[in-house]
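Since the structure comes first, as structure tokens, the remarks are kept for the end.
2 protein chains.
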Amino acid sequence: MTTTNSVETQTETEFDHPCPIRDVLDRIGDQWSLLILTTLAPATLRFNELHREIGDISRQMLSRTLKRLEQDGFIERKIYAEVPPKVEYKLSPLGHSFLEPMQALIAWADSNHAQICQSRRQHRAKKDGQA
Amino acid sequence: MTTTNSVETQTETEFDHPCPIRDVLDRIGDQWSLLILTTLAPATLRFNELHREIGDISRQMLSRTLKRLEQDGFIERKIYAEVPPKVEYKLSPLGHSFLEPMQALIAWADSNHAQICQSRRQHRAKKDGQA
DNA sequence: CCGGATCCGGTGGGATACTG
DNA sequence: CAGTATCCCACCGGATCCGG
Chain A
29 MTTTNSVETQ
39 TETEFDHPCP
49 IRDVLDRIGD
59 QWSLLILTTL
69 APATLRFNEL
79 HREIGDISRQ
89 MLSRTLKRLE
99 QDGFIERKIY
109 AEVPPKVEYK
119 LSPLGHSFLE
129 PMQALIAWAD
139 SNHAQICQSR
149 RQHRAKKDGQ
159 A
Chain B
29 MTTTNSVETQ
39 TETEFDHPCP
49 IRDVLDRIGD
59 QWSLLILTTL
69 APATLRFNEL
79 HREIGDISRQ
89 MLSRTLKRLE
99 QDGFIERKIY
109 AEVPPKVEYK
119 LSPLGHSFLE
129 PMQALIAWAD
139 SNHAQICQSR
149 RQHRAKKDGQ
159 A
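Residue numbers (the working numbering), protein chains in the order written: chain A, 29 to 159; chain B, 29 to 159.
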């Protein structure tokens, strides 16, 4: 196993996660990262445009998630020295390349979501029947 | 946006998540699901075999995650009416089909992990330089 | 307009002990 | 062997208020 969380009791876990897959998924698996990336895929957007576009995200989480995505190199942030401030976000080449394999997964999710829901209902039915 | 978490104040969120991608990622994005699936991909395993194989997972989480994966139809569980008990876990067809697009993502993570780490270090360096 | 700071609840996940 | 029950903490994410 490539886990090895052994010694590092650090609260950081910021860089050099030993397992690439885990590392990537930890970043992408959160509530918002992927949604932001896909929203940003077709267009460069400003902060509040993004906020309106996504709708049900708090400004906090948007800000926080954007920062992480930027740190990880998925998106690029351009600040215009204007008043009022203007900040634009866009995907980096890395971000775009990430979305390619991700598209396959998204397509899979779309195709198989119904089956998953059905499976859940069946198990739910069994349980209710027993109880 | 397809989020619509509107009314459902239920603690469950068990079935019928409106957004397929979110739904799938919520299940798969946790610490253990994917690791279990990949471990189970090449071989059918018993509970404790799985436990040893993964190593740093608690039995609780193993049990809990297996149950969810089974409910969602990713794995199948076969109980042998023996003493001592014997339970085998294997991927379902759905589970196998899921791993196909997932492989692409795993490959991507492997290829680009170094770049992500580097990007993190650069940002870290910037911050430290300023501070 | 673009966020940061703070508070606070829900949940993921570990440790341990117990059951069938 | 294959789990469950309980406790407990860390962290994610929402709400709100504040600053540049």
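Here a beta-carbon is modelled for each residue, glycine too, at the ideal position from N, C-alpha and C. Being a predicted model, the structure only gives us computed values, none of them experimental.
inquiry  = For chain A, check one thing: does any of its Cβ atoms lie closer than 7 Å to the Cβ of residue 57/B?
reply    = Locating residue 57/B in the second sequence gives position 29, where the first residue counts as 1. Closer than 7 Å: yes.
query = Where do the N-terminal and C-terminal ends of the beta strand (DSSP E) with residue 104/B fall, by residue?
reply = Your numbering for residue 104/B matches position 76 in the second sequence. Where residue 104/B is concerned, the enclosing beta strand (DSSP E) stretches over 103-108.
task = Select from the region 135-156 of chain B all residues with a C-beta closer than 9 Å to any C-beta belonging to chain A, and list them in chain order.
result = Result list: 135, 136, 137, 138, 139, 140, 141, 142, 143, 144, 145, 146, 147, 148, 149, 150, 151, 152.
Own chain, CB closer than 7 Å to residue 118/B, minus 5 neighbours either side, in chain order = Looking up residue 118/B in the second sequence gives position 90. Hits under 7 Å: 68, 72, 103, 104.
request  = Would you decide whether residue 166/B is buried or exposed? Buried here means 16 or more other CB atoms lie within 10 Å of its CB.
outcome  = Here chain B covers residues 29 to 159 and nothing more, so residue 166/B does not appear.
task = Since I believe residue 129/B is in contact with residue 132/A (beta carbons under 8 Å), could you give me their beta-carbon distance rounded to a whole number of angstroms?
result = As a working note, residue 132/A is residue 104 in the first sequence. As a working note, residue 129/B is residue 101 in the second sequence. Confirmed, Cβ separation roughly 4 Å.
query = Between residue 115/A and the rest of its own chain, which residues show a CB-CB distance below 8 Å, the 5 nearest in sequence each way excluded?
reply = Translated into the one-based positions of the first sequence, residue 115/A becomes position 87. These residues qualify, in order along the chain: 74, 75, 105, 106, 107, 108.
task = Give a yes or no on whether the C-beta atoms belonging to residue 144/B and residue 123/A are separated by under 7 Å.
result = Locating residue 144/B in the second sequence gives position 116, counting from the first residue. Locating residue 123/A in the first sequence gives position 95, counting from the first residue. Contact flag unset, no.
inquiry  = Count Cβ pairs between the region 82-97 of chain A and the region 57-67 of chain A that sit closer than 8 Å; are there 3 or more?
reply    = yes
key: CB contact check: residue 101/A to chain B, cutoff 7 Å   = For this step, residue 101/A is matched to residue 73 along the first sequence. Interface residue, yes.
message = Give the list of continuous beta strand (DSSP E) stretches no shorter than 3 residues that lie fully inside the region 64-125 of chain B.
response = 103-108, 114-119
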